[in-house]
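The working numbering puts the sequence shown at residues 624 to 695. Heads up, the beta-carbon is just placed ideally off N, CA and C, and yes, glycines get one too.
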Amino acid sequence: MISRAKKFALFLLGFLFFANILAWIAVFEFSKPKVLEVCFFDVGQGDAIFIETPERYQILIDGGANSKILEK
């Protein structure tokens, strides 16, 4: 049987380990550079633009083909 002191020590060790992991996740998540990213894609029948803002909003603009393709 494990004594009460050993149980507390194991609990404390587990808690500190878990807190350490959370702290490192926060460090890596918040240390990403906050820049505006713009990617241009050639998707065959037109072009597309993908924009990601520093606030992590994502915008996809589909240039598509010209209006003649829609008339068919």
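Pick from the options that is closest to residue i, judged by C-alpha positions
i: G667; options: V650, T676, G686; result: G686
i: T676; options: D670, G669, K655; result: K655
i: G669; options: F640, I684, F634, I648; result: I684
i: E678; options: F631, A671, E652; result: E652
Which residues DSSP lists as bridging residue i, in chain order
i: A671; result: F664, D685
Rounded distance between the beta-carbons of residue j and residue i, thought under 8 Å
i: I674; j: V661; result: 5 Å
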